[in-house]
Structure formats: structure tokens, C-alpha cells
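Undergrad: Residue numbering for the sequence shown follows this note's numbering, starting at 376 and increasing by one per position.
Glycine included, every Cβ here is placed at the ideal spot set by N, Cα and C.
Note that the coordinates shown come from a computational prediction; the quantities given were computed from them, not determined experimentally.
Sharing a structure below in C-alpha cells format, with a few things to ask.
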Amino acid sequence: MKIADIQIYPLLLPMKQSFAISGGTVGSQSRGAPHVYIKVVTDSGAEGWGEARPSHRWSYETLETVTSTITGYLKPALIGAEVADLQSIHVQMNKEIKPDLSGGQPIAKAAVDMALYDAIGKERQNSLSTMWFSGFRPSVQLSYLISTPSPEEAARKAVYAVSQGYRGLDVKLGLDPVTDIEILEAVKGAAPGLFLRVDANQAYSLQQAVKLARVMERIGVDVFEQPLRADDLYGHAQLRRKTSIPIALDESIWTTGNLLQAIRAEACDTVVVKLTKMGGLTGAKRCGELAREAGLGLLGGGLTESRLALTASAHLFNYLRIEEPVDLNGPLFLADDPISSGPLINEGEVNLPNGPGIGCEISMDKLELYGCKL
Ligand SMILES: [Mg+2]
376 MKIADIQIYP
386 LLLPMKQSFA
396 ISGGTVGSQS
406 RGAPHVYIKV
416 VTDSGAEGWG
426 EARPSHRWSY
436 ETLETVTSTI
446 TGYLKPALIG
456 AEVADLQSIH
466 VQMNKEIKPD
476 LSGGQPIAKA
486 AVDMALYDAI
496 GKERQNSLST
506 MWFSGFRPSV
516 QLSYLISTPS
526 PEEAARKAVY
536 AVSQGYRGLD
546 VKLGLDPVTD
556 IEILEAVKGA
566 APGLFLRVDA
576 NQAYSLQQAV
586 KLARVMERIG
596 VDVFEQPLRA
606 DDLYGHAQLR
616 RKTSIPIALD
626 ESIWTTGNLL
636 QAIRAEACDT
646 VVVKLTKMGG
656 LTGAKRCGEL
666 AREAGLGLLG
676 GGLTESRLAL
686 TASAHLFNYL
696 RIEEPVDLNG
706 PLFLADDPIS
716 SGPLINEGEV
726 NLPNGPGIGC
736 EISMDKLELY
746 GCKL
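Structure, rendered in C-alpha cells:
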């Protein structure tokens, strides 16, 4: 079974609410959220779907670069390639776009990888868990994401999360250390029993992070994610020696090479596994397994993908037995997506499809509705 065609659909999906992290706006209600869907068609007639969700506030990839990378480089190199030979396909993709420290356009490569898994599964009538020789787990719990500069609003959102049965909160910080402490105190006061994950998205200096970690120990934070710059493994290792709060790395770890360096530097307690930043299911599975072997904790994350990549991620997190709740927050922000059949999401609880491949069906009408010209 060979790749006959790859079709690319750049989209702006409607948002229910805007979303900002310490680096800036990740998606706004006025413009919509940038997503790229791709369809791989095989010479046997099978189809597979993949998704990229770039954000230039989080990493260097954009709607435009994902589209041009796949259209101009990956697609011409992959037409005629054997679909099930994923190792060779990754070698070929890395030959076309050379990996740098972050894998070389990993979000674009992830969409291709995901679509190939989907096509192979559909051709063989196998779900992802069957392909991994793993039992199917029918659900996943989501965390509730809080991203606001207002302690009062943060507390209101935490109360809402408790009322809806969420088990964990993911709080975005990094605006200003004084406000950050007020936000954490407000959130902990409103939801004392929930798992509290705090993500700074690289916002702090080592000195600021050490001070904040000491306050977090008093407040009762469960994990402190990516406090320092992505390339500062030495700083994260220093921070670990000064606090009892587990340190998680996200933007520092894109590849198994990054992960090995972090392990050698003793820079983290926990690794955030994300399909898109790790070049797809292939890379994220390898990173997750390696982190487990190294005795590290795993957190599941995403880049607010729609339900296609959310479902693929959830299947992988269940395979890796990642602690729940996981941070797949697309449904909190997206008002609609192009999935016509897929997971059922009820606030923090996702019931996963067990069909072949990823298990989602795509609406061509919605792809047309939300398609954008570049
Ligand atoms: Mg993160």
C-alpha cells in the first residue's frame, strides 16, 4: 500500500473564548484558531487523517509554515512511499526537513505521521490500541485550564471546574510573580482537592522560579511545568535541588535526544508528552516509553488540538498509562471542528471511539466552511 496523494486543508476554527499563555495569544475569537488537517490517500483507496495545531506564541511553526512544509517538501518526497514503513517515512521526512534541536518542523511532520497511522488502521480494520498490542481503554479524564490575569476570575473558574467534576487544574502563569501567587492562592482556596499543575511556559528567571517554588510548596502545587527557558537544562536541574515540587519539562523536550540530555542533566522529574511537538504518534510513543524507563513521571498535554488529534493523543496516553487528568484543552476553546463522528466529550470526561485507525470521521462540508486561503 503506497501513498497516492496528500491533501492539505489550512483552517481557522471558531473559538468560544480566546486563549493566552505567558508568550501571548494562542488563539483569538476574532481570528479563529489555526489548524491544518491533512488527508493521506493510498493506492488501495484507504484514507487517513492527521492534524497540526501550530501556535507562533508557543513555538516557531505557523499555519503558513505547516502548510508550505507539507505542500512543498514532505508531500513530493512521500508520494509513492510504502505507507506501513513508518520508520523509512520519518527518515525521508527528516531528509527533506533536517531535524534541529526540536526535530525540524515537528508539528507539520506530526500531521503526516498521524494520518499514516489512521490510514494503516483503516486499511487493516485495526484500532491504534490493537496496532500497539495494548488493551483499549474507553475514556480519558481532562484537566480544566485556567489562564487569566485576574485572581477573582481564576477562583470563579476553579469553582466551576469543581462543580463540573473535573479532577485537576492546569493553571497558566508567568505574567508577573506577585499576581501569579495571588492567582495560585485564589485557585487553591476555591478548589483545594484538585490536582494542581502550574505551567509558566518558560516565563521565569531561575531566581524568580526558586522564590515562587518555595511559595508553591506552602500553597500545595503538585507540579511546576517549564518555569525556565527551554534550553536551560542546567537551570532546571539547579531549581530541582532547591524545591520539593516536582519539575516538569515541556518546551525543553521535543525528541528522544532532548529527553536523554534532560535525563543526563537531572533536569526534571516529569516529562510532558505531546503528539504534535514530538513529530506524531511515533515520536511521542518513543519519548513516553523512554521517560518511563528512566523512572520519570509522565504528563499528557496538547496544543488545544481539535477532536481528531485529541483522540489520537488520548489513545496514546492510555497506551502509556499516563496519569489522568490530561491536558487536552481544545474543547474548552473551540466552538466547532470538522469531526462528524468521534469522541463524545462531556466537560472533563471523554468517551473514546474504538473504530479503525484514530476512530474519527471527517466532515468535508466543515473543512470547506472553515478553510482559509493563505
Ligand atoms: Mg506546557
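Relative to the C-alpha of LEU666, which candidate in ARG499, LYS652, ILE697 and PRO728 has its C-alpha closest?
TA: The count along the sequence shown starts at 1 and reaches residue 666 at position 291. One detail in the question is off: residue 666 reads as Ala in this sequence, not Leu. Residue ILE697 is the option with its Cα nearest to ALA666.
Undergrad: Residue range of the alpha helix (DSSP H) that PRO552 falls in?
TA: To locate residue 552, count along the sequence shown from 1; it is residue 177. Counting along the chain, the alpha helix (DSSP H) containing PRO552 begins and ends at 552 to 565.
Undergrad: Between GLY632 and CYS662, what straight-line distance do the alpha-carbon atoms span, to the nearest angstrom?
TA: Your numbering for residue 632 matches position 257 in the sequence shown. Your numbering for residue 662 matches position 287 in the sequence shown. Looking at the two C-alpha atoms, the distance is approximately 9 Å.
Undergrad: Have a look at the DSSP bridge pairing and note the partners of THR645.
TA: By 1-based counting over the sequence shown, the position of residue 645 is 270. Answer is ALA623 and GLY672, bridged to THR645.
Undergrad: If you compare alpha carbons, which of PRO481, GLY447, GLY677 and ASN693 is closest to GLU436?
TA: Reading the sequence shown from its first residue, position 61 is the one you call residue 436. Of the candidates PRO481, GLY447, GLY677 and ASN693, the one whose C-alpha sits nearest the C-alpha of GLU436 is PRO481.
Undergrad: Given a cut-off of 8 Å, decide if ARG589 and GLY543 are closer than it, judged by their beta-carbon atoms.
TA: For the purposes of this step, residue 543 is taken as the residue at position 168 of the sequence shown. For the purposes of this step, residue 589 is taken as the residue at position 214 of the sequence shown. Their beta carbons are not under 8 Å apart, which means GLY543 does not touch ARG589 by this criterion.
Undergrad: Taking the alpha helix (DSSP H) that LEU587 belongs to, which residues open and close that run?
TA: Within the sequence shown, the letter at position 212 stands for residue 587. Where LEU587 is concerned, the enclosing alpha helix (DSSP H) stretches over 581 to 594.
Undergrad: Consider the C-beta atom of GLU600 and the heavy atoms of ligand 1; say whether any pair is separated by less than 7 Å.
TA: Residue numbering aside, residue 600 sits at position 225 when the sequence shown is read from its first letter. The answer is yes for GLU600.
Undergrad: Please state the DSSP three-state secondary structure of LYS660.
TA: As a working note, residue 660 is residue 285 in the sequence shown. Helix.
Undergrad: For ASN576, is the classification buried or exposed, using 16 other Cβ atoms within 10 angstroms of its Cβ as the cut-off for buried?
TA: Sequence index remark: in the sequence shown, residue 576 carries index 201 (1-based). Result: buried.
Undergrad: Does VAL653 come out as helix, strand or coil in the three-state DSSP assignment?
TA: For this step, residue 653 is matched to residue 278 along the sequence shown. In the sequence under discussion, the amino acid at residue 653 is Met, which differs from the Val named in the question. In the structure shown, MET653 sits in coil (DSSP, three-state: anything other than H, G, I, E or B).
Undergrad: Report the rounded CA-to-CA distance for THR630 versus ASP475, giving the unit in angstroms.
TA: Reading the sequence shown from its first residue, position 255 is the one you call residue 630. Reading the sequence shown from its first residue, position 100 is the one you call residue 475. Distance between the alpha carbons of THR630 and ASP475 is about 10 Å.
Undergrad: Taking the C-alpha atoms as reference points, what is the distance between TRP424 and LEU634?
TA: Numbered from 1 along the sequence shown, position 49 holds the residue referred to as residue 424. Numbered from 1 along the sequence shown, position 259 holds the residue referred to as residue 634. The straight-line gap from Cα to Cα measures roughly 28 Å.
Undergrad: For the alpha helix (DSSP H) containing GLN516, list its first residue and its last residue.
TA: As a position in the sequence shown, residue 516 is number 141, starting the count at 1. From DSSP, GLN516 is part of no alpha helix (DSSP H) but of the beta strand (DSSP E) over 514 to 516.
Undergrad: Buried or exposed for GLN601, please, with buried defined as at least 16 other CB atoms from any protein chain shown within 10 angstroms of its CB.
TA: Taking the first residue of the sequence shown as position 1, residue 601 is located at position 226. Buried is the call here.
Undergrad: Does the beta-carbon of PRO513 have 16 or more other beta-carbons within 10 angstroms, so that it is buried, or is it exposed?
TA: Reading the sequence shown from its first residue, position 138 is the one you call residue 513. PRO513 comes out exposed.
Undergrad: Run the proximity test for VAL647: is its beta-carbon closer than 7 Å to any non-hydrogen atom belonging to ligand 1?
TA: Looking up residue 647 in the sequence shown gives position 272. Flag set: Cβ of VAL647 near ligand 1.
Undergrad: Answer yes or no: do ASP677 and ASP493 have a C-beta to C-beta separation smaller than 8 Å?
TA: In the sequence shown, residue 677 corresponds to position 302, counting from 1. In the sequence shown, residue 493 corresponds to position 118, counting from 1. It should be pointed out that residue 677 corresponds to Gly in this sequence rather than to Asp. It is not a contact, given that the beta carbons lie outside the stated cut-off.
Undergrad: Should ASP644 be counted as a contact of ligand 1 given a C-beta to heavy atom distance under 7 Å?
TA: Taking the sequence shown and counting its residues from 1, one reaches residue 644 at position 269. Not under cutoff, so the answer is no.
Undergrad: Residues in the same chain with beta-carbon distance under 7 Å from GLN392, minus the five sequence neighbours each way, listed in chain order, please.
TA: In the sequence shown, the residue the question calls residue 392 occupies position 17. Taken in chain order, the residues that qualify are GLN404 and PHE708.
Undergrad: Can you name the start and end residues of the alpha helix (DSSP H) that GLY632 belongs to?
TA: As a position in the sequence shown, residue 632 is number 257, starting the count at 1. Element bounds for GLY632: 631 to 640.
Undergrad: Does the beta carbon of GLY676 fall short of 7 Å from some heavy atom of ligand 1?
TA: Indexing the sequence shown from 1 puts residue 676 at position 301. Yes.
Undergrad: For ARG572, write down the residues that DSSP places opposite it in a beta bridge.
TA: Sequence index remark: in the sequence shown, residue 572 carries index 197 (1-based). BP columns for ARG572 point to ASP545 and VAL598.
Undergrad: Leaving aside the five residues before and after ASN693 along the sequence, list all residues of the same chain whose C-beta is less than 6 Å from its C-beta, in chain order.
TA: Looking up residue 693 in the sequence shown gives position 318. ARG512.
Undergrad: Taking DSSP as the reference, what is the three-state secondary structure of GLY496?
TA: In the sequence shown, counting from the first residue as 1, residue 496 sits at position 121. Correct three-state label for GLY496: helix.
Undergrad: Relative to ligand 1, is the shortest distance from any of its heavy atoms to the C-beta of ASN576 smaller than 7 Å?
TA: Position 201 of the sequence shown, counting from 1, holds the residue named residue 576. Under cutoff, so the answer is yes.
Undergrad: Which runs of the alpha helix (DSSP H) at least 4 residues long sit entirely within the region 414 to 479? Give them in chain order.
TA: If we require 4 residues or more, the alpha helix (DSSP H) runs fully inside the region 414 to 479 come out as 438 to 444, 450 to 453 and 461 to 471.
Undergrad: Helix, strand or coil: how does DSSP classify GLU736 here?
TA: Reading the sequence shown from its first residue, position 361 is the one you call residue 736. DSSP places GLU736 in strand when its eight states are reduced to three.
Undergrad: Is ALA642 near HIS611, with beta carbons less than 8 Å apart?
TA: Within the sequence shown, numbered from 1, the residue matching residue 642 stands at position 267. Within the sequence shown, numbered from 1, the residue matching residue 611 stands at position 236. Taking 8 Å as the Cβ cut-off, ALA642 and HIS611 qualify as a contacting pair.
Undergrad: Taking only heavy atoms of ligand 1 into account, decide whether any of them is closer than 7 Å to the Cβ of ASP625.
TA: In the sequence shown, counting from the first residue as 1, residue 625 sits at position 250. At least one heavy atom of ligand 1 is nearer than 7 Å to the Cβ of ASP625, so yes.
Undergrad: May I ask which residues mark the beginning and end of the alpha helix (DSSP H) holding THR400?
TA: Taking the sequence shown and counting its residues from 1, the one referred to as residue 400 is at position 25. Careful: THR400 lies outside any alpha helix (DSSP H), inside the beta strand (DSSP E) at 399 to 402.
Undergrad: Determine the direct distance from the alpha carbon of ALA427 to that of PRO409, and round the result to whole angstroms.
TA: As a working mapping, residue 409 is identified with position 34 in the sequence shown. As a working mapping, residue 427 is identified with position 52 in the sequence shown. C-alpha separation (whole angstroms): 9 Å.
Undergrad: Would you kindly work out how many angstroms separate the C-alpha atoms of ALA490 and ASP711, rounded to a whole number?
TA: Position 115 of the sequence shown holds residue 490. Position 336 of the sequence shown holds residue 711. When rounded, the distance between both Cα atoms is 21 Å.
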